[in-house]
Amino acid sequence: TSNAMWGGRFATGPDAIMEAINASIGFDKRLARQDIEGSRAHAAMLAATGIITDKDAEAIREGLLTVLSEIEGGNFAFSTALEDIHMNVEARLKEIIGEPAGRLHTARSRNDQVAVDFRLWVRDQCDAADAALLAIIQALLAQAEAAADWVMPGFTHLQVAQPVTLGHHLMAYVEMFARDRSRFADARKRMNESPLGAAALAGTSFPIDRHMTAAALGFDRPTANSLDSTSDRDFALEYLAAASICAMHLSRLSEELVIWSTAQFRFVRMSDRWSTGSSIMPQKRNPDAAELIRAKIGRIMGANVALMTVMKGLPLTYSKDMQEDKEQVFDAADNLMLALAAMTGMISDMTANRDVMEKAAATGFSTATDLADWLVRELNLPFRDAHHVTGTLVALAEGKACDLPDLTLADMQGVHAGIRADIFDVLGVQNSVASRTSYGGTAPTNVRAQIQRWKDAL
Ligand code: ARG
């Protein structure tokens, strides 16, 4: 039998495989709430502009609420023959209210319908990501506050570089996640225009009020070009781009937690709630959640690339290719939200080993730069010369298998006669971090000020 929606010009229905490749109901049922919200706004507008009667609009709007409660209650029989959420909802509405259901699609197409549904969905995801990022930032702030002056090694090339504080290190991620929030907010602002009323592609001859539906759905304004309205998926791409960058940040933090929780580092201990054991090695505490978060960037960035690839080269306006937008975004959003929640839990629960970190901070000649800076400040050496003198001292210490503070004054003076005993003051890791008072530096006073700045801002 031919299709109930457009059977007029068809003699037979689709091949079974055609139905399988064409149907999107298996995944776009997730747009049910947005679809019904959009349809209710459309129906109200059709009545307000006199295109349909108030009575029909009322029947449609009420009937749609019944459909929504059936779907949300799990009492809805989705049909693949009806292709997608839009036609499933409309078909059921017809069963419930009869003839007026057929008036809902006046001055509308599935092309603007799906565009508005999906925008509403992605807009919600921007808000959800924002809330989850706020939670992770708060978890980081709490840990950073406790560890504002806990010294640890700072790394470049994953080689010990200079002492920093754990608080400073965690606050670096606060900066990243705050930028992620602003990226989602920025994308949300740009996507917040309503494509509803663009109809199939050219607009409509009915006297619709697009401003009314835009306002009813919480959009700032209607989109300005009907062709762009039905063919634009920038909003989904911008969401995926922001999600990819956020997932990249989560991946870097995960990698650090994986490294830090090894027996070699022991900087942190992940709680039991965020660790897993081994089926054979009884001693194991594996950071599986961190590893999985580290990997999530693969599918999230993959979604971004996949949708970009779907969209490239598509002529205006709608092509069925665009139906491939949803699963990518759904999967990316689900996994981003899961990763954010897991990271928040891990960070909140983790315990840092202050002593281990501080000891590690003193290894690797981490205060060599402080020594060179002393030579510049106290003996007025050009930095390049100070660098050379310090390098010689490091080699000397390395030869004696000791650290810089373990060299004697005589050792030091053998390399540069002007060195005085007070040089030893700058070789301690506490002094080192305390001295980094330049704006944005790791001095605990700075770190506390930054924590306060963020707390005030949030
Ligand atoms: N299920 C379709 C999608 O997700 C809805 C739009 C269909 N439009 C069309 N002209 N066939 O893209």
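In case it helps, the UniProt record's numbering puts the sequence shown at residues 4 to 461.
Think of the CB as a built atom: it goes at the ideal place given N, C-alpha and C, for glycine as much as any other residue.
From the options, residue whose alpha carbon lies closest to that of residue i
i           : options               : result
residue 186 : 84, 136 and 345       : 136
residue 359 : 270, 254 and 306      : 270
residue 152 : 134, 172 and 10       : 172
residue 19  : 374, 199 and 85       : 85
residue 174 : 154, 65, 148 and 230  : 148
residue 391 : 378, 150 and 66       : 378
residue 117 : 316, 361, 434 and 37  : 37
residue 433 : 254, 420, 452 and 357 : 357
residue 228 : 213, 221 and 219      : 213
residue 194 : 161, 237 and 383      : 237
residue 339 : 125, 318, 452 and 286 : 125
residue 127 : 222, 100 and 53       : 222
residue 133 : 402, 100, 343 and 439 : 343
residue 388 : 102, 415, 419 and 402 : 419
residue 234 : 219, 254 and 199      : 199
residue 115 : 321, 384 and 341      : 321
residue 291 : 219, 346, 448 and 87  : 346
residue 103 : 75, 62 and 69         : 62
residue 27  : 87, 58 and 76         : 87
residue 458 : 177, 57, 74 and 80    : 177
residue 158 : 70, 367 and 111       : 367
residue 111 : 31, 202, 46 and 21    : 202
residue 308 : 415, 316 and 247      : 247
residue 319 : 232, 385 and 403      : 232
residue 428 : 6, 397, 381 and 452   : 381
residue 15  : 6, 23, 22 and 21      : 6
Residue-level contact to chain C via CB, residue i, 8 Å cutoff
i           : result
residue 228 : Absent from the structure: chain C. Only one protein chain is present.
Cβ shell of residue i (< 8 Å), same chain only, five flanking positions each side left out
i           : result
residue 108 : 93
residue 180 : 136, 139, 140, 143, 249 and 252
residue 289 : 278, 279, 280 and 281
residue 363 : 155, 156, 163, 268 and 270
residue 276 : 348 and 352
residue 450 : 147, 151, 152, 168, 170, 171 and 174
residue 447 : 151, 152, 168, 170, 436 and 437
residue 220 : 40, 41, 44, 119, 123, 197 and 199
residue 71  : 35, 36 and 39
residue 25  : 17, 86 and 323
residue 217 : 196, 197, 199, 223, 224 and 225
Cβ shell of residue i (< 6 Å), same chain only, five flanking positions each side left out
i           : result
residue 393 : 371, 374 and 375
residue 293 : 257, 260 and 261
residue 241 : 190
residue 113 : 89
residue 166 : 154, 364, 369, 432, 435 and 436
residue 412 : 424
residue 361 : 154
residue 12  : none
residue 99  : 66 and 69
residue 422 : 415 and 416
residue 97  : 104
residue 73  : 79
Own chain, CB closer than 7 Å to residue i, minus 5 neighbours either side, in chain order
i           : result
residue 245 : 183, 186, 187 and 190
residue 43  : 64 and 67
residue 215 : 48 and 51
residue 120 : 34, 37, 38 and 41
residue 430 : 370, 373, 374, 407 and 408
residue 131 : 340
residue 306 : 243, 331, 332, 334 and 335
residue 274 : 352 and 353
residue 81  : 28, 32 and 91
residue 426 : 374, 377 and 415
Completely contained alpha helix (DSSP H) runs for the segment 305-370, where each covers 4 or more residues: 328-352 and 357-364
| task | Return the chain-ordered ranges of every beta strand (DSSP E) run that is complete within the segment 16-41 and spans a minimum of 3 residues. | result | none
- [ ] Please go through the segment 167-216 and give each complete beta strand (DSSP E) segment of 3 or more residues, from N-terminal end onward.
- [x] none
#### Entry: Sufficient close CB pairs (3 or more, under 8 Å) joining the segment 317-330 to the segment 348-364
no
Entirely within the segment 42-81 and at least 4 residues each: give me those alpha helix (DSSP H) ranges in chain order.
-> 57-75
| Which ranges does the beta strand (DSSP E) cover as unbroken runs of at least 3 residues, wholly within the segment 104-152, from first to last along the chain? | none
Check whether the segment 204-211 and the segment 294-309 are in contact - that is, three or more C-beta pairs closer than 8 Å.
no
- request: Quick one: which unbroken beta strand (DSSP E) runs of 3-plus residues sit fully inside the UniProt domain "Argininosuccinate lyase C-terminal" (368-437)? Chain order, please.
  value: none
Secondary structure, alpha helix (DSSP H): runs of 4+ residues fully inside the segment 224-298:
229-234 and 237-263
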